[in-house]
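If you're matching positions, the sequence shown starts at 22 in my numbering and goes up one per residue.
A short worksheet on the structure shown next.
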Amino acid sequence: MSDRSYLEWPFFSDEHRSFEKRFRQWVTGVQVSSEETPPGLSARRWVSALAFEGWLQLCLDLDVGSLCLARESLAYHDPLGDFAFAMQGLGSAPISLFGTPQQKMKYLPSVTSGESIMAFALSEREAGSDVAATVTSARRDDEFYILNGEKTWISNAGIAGTYVVFARTSEGGAKGLSAFIVPARTPGLHVTEEIETISPHPLGTLRFHNATVPAQNRLGEEGQGFKIAMA
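Here's what the structure looks like:
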């Protein structure tokens with residue numbers, strides 16, 4: 022990364038250039054090893070290190086320039102560090118963008134503090150890139166939703182404290198999907214498989230068996246799940 026002439030490109034400001042220097046200096050000095058520990062433990066350590074220095078606030082600010090510069094430095098230093106940072110942002114972005122004030126107040130502080138690791142639970146075995154084929158269901162029952170189904174290839178499965186889960190609340194393809202904030206300790210939510218990868222990171226399968234989620238944990242309105250996932 023000796024050539025940083027791209028920092029002079031017009032969409033980077035002086036603030037971006039100053040941030041890049043400070044963040045790069047921090048990354049080169051951070052003491053987190055991903056080689057001798059399980060990937061889940063290393064990911065936790067990276068989240069803690071990023072939180073301690075206040076860098077996870079970037080996940081909520083959603084400034085694209087700063088996010089790109091941070092991820093470049095992290096990926097050059099340790100791919101798992103980049104993964105941990107990126108997933109903390111991806112998992113919390115639906116709440117940042119579509120959450121109610123109450124949802125943001127309840128869940129986002131633990132994102133920046135590193136207290137809760139985030140996960141984005143969208144993919145299924147028959148619905149990877151075809152989100153509209155999602156079959157995991159969420160049935161309304163008074164003031165709750167009952168979730169049933171399976172999600173797989175979910176990053177941070179097993180170590181996340183909070184999952185944003187996409188499930189079907191009605192028929193109609195993409196228009197029948199909704200999004201939910203699901204705490205990891207929700208009864209009926211189980212991690213059933215850990216998936217090994219060539220570049221190790223925590224990845225697994227989630228199963229929902231009559232998992233009960235309060236209606237107030239729905240993100241946006243029913244039927245907005247596809248919009249939230251694509252955003």
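Note that beta-carbon positions come from the ideal geometry of N, C-alpha and C, so glycine has one too.
DSSP puts residue i in a beta bridge; with which residues?
i, result
"V203", "Y184"
"T157", "Per DSSP, none; premise fails for T157."
"G179", "Beta-bridge pairing links G179 to no other residue."
"V212", "L227"
"G170", "F229"
"R189", "S158 and L198"
"F247", "Partner(s): none; F247 has no beta bridge."
"P235", "F165"
"M126", "None, per the DSSP bridge assignment."
Just to confirm, are residue i and residue j a CB contact at a threshold of 7 Å?
i, j, result
"L224", "I216", "yes"
"V234", "V203", "yes"
"T157", "A114", "no"
"I253", "A142", "This structure cannot speak to residue 253, because the chain is shown only from 22 to 252."
"E41", "L90", "yes"
"V48", "G135", "no"
"P55", "D99", "In the sequence as displayed, the identity of residue 55 is Ser instead of Pro. Yes."
"A140", "G112", "yes"
"F165", "G241", "no"
"A200", "G246", "yes"
"F229", "G170", "yes"
"G86", "F33", "yes"
Which value, in whole angstroms, describes the spacing of the CA atoms of residue i and residue j?
i, j, result
"A205", "A105", "17 Å"
"V66", "Q123", "One detail in the question is off: residue 66 reads as Arg in this sequence, not Val. If you take the alpha carbons of R66 and Q123, they lie about 29 Å apart."
"G256", "S94", "Given that the chain is displayed from residue 22 to residue 252, the structure contains no residue 256 and the question cannot be resolved."
Can residue i be considered in contact with the ligand GTP, in the sense that its beta carbon sits closer than 6 Å to one or more heavy atoms?
i, result
"T183", "Among the ligands in the structure shown, none appear at all, so the ligand GTP cannot be discussed."
Taking the alpha helix (DSSP H) that residue i belongs to, which residues open and close that run?
i, result
"A105", "P100 to F119"
Whose CA, out of the options, lies closest to the CA of residue i?
i, options, result
"E192", "G244, S220, D163 and T207", "G244"
"Q52", "S63, R228 and R25", "S63"
"V132", "M108, S150 and G149", "M108"
"P59", "V186, T173, G179 and Y97", "G179"
"V218", "D84, S87, R160 and N177", "Going by the sequence as given, residue 218 is Thr instead of Val. Selected option, being the one with the closest Cα: N177."
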